[in-house]
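Novice: Supplied in structure tokens, the structure appears directly below.
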Amino acid sequence: MTTPAQPDQPLQQPEPPQSPQAPATGPAVPGTAPAPKGKGRQVTILVGLVVLVGVLLGAAWFFNRDAAVNANVGDCLHNPGDDKLTIVKCDSADAQYSVLGKASGKTQIESTNGFTTVCDQWPDTTDTFWQGKQGEKGDVLCLKAVAK
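Numbering (the working numbering), first residue to last: 6 to 153.
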């Protein structure tokens, strides 16, 4: 049996259940999306990696764009020292050689011995330049000294 409420005591309502409070993340910024979750996060990471690889490849190209490995027939080269050649404009005062031809798949010895025939098809050849990994085959540039 229930007892009626006493007239001198007010009727009490039960309190609503408390919901757990969300962690404070600061004020919401209008126009921004919530942080990616699940597959969206994986896509974001993948896109970030693709962009990073693209930037690294672009930087590698940028810093090696004048390397002799990129030389083509008709390009002019300059020897700044350290057994390296760099591509320069042919009308530049730094131009020392003109590329007459390129032979691939040659060893360093094939290109540098005194009796080499690597550049025989370019009879105006005055110098050769081999590029590749030591002990492996590489490319030979057949060069002509530029008259100054």
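In this text, a Cβ means the ideal position worked out from N, Cα and C, and glycines have one as well.
#1: Output the boundary residues of the alpha helix (DSSP H) element that contains residue 117.
#2: Name the DSSP beta bridge partners of residue 135, please?
#3: Please report how far the alpha carbon of residue 81 lies from the alpha carbon of residue 129, in whole angstroms.
#4: Where residue 50 and residue 96 are concerned, what is the direct C-alpha to C-alpha distance, given to the nearest angstrom?
#5: Does residue 151 come out as helix, strand or coil in the three-state DSSP assignment?
#6: Apply the 10 Å Cβ neighbour rule to residue 52 and answer buried if 16 or more other Cβ atoms are within range, or exposed otherwise.
#7: Tell me the residue span of the beta strand (DSSP E) that contains residue 93.
#8: With a Cβ-Cβ cutoff of 8 Å, do residue 127 and residue 110 count as a contact?
#9: Quick test of your reading: residue 148 and residue 102, contact by CB under 8 Å. State the CB separation rounded to the nearest angstrom.
Specialist: The answer reads as follows:
#1: 113-117
#2: Residue 135 pairs with 145.
#3: 15 Å
#4: 47 Å
#5: coil
#6: It is exposed - the Cβ of residue 52 has fewer than 16 other Cβ atoms within 10 Å.
#7: 89-93
#8: no
#9: 4 Å
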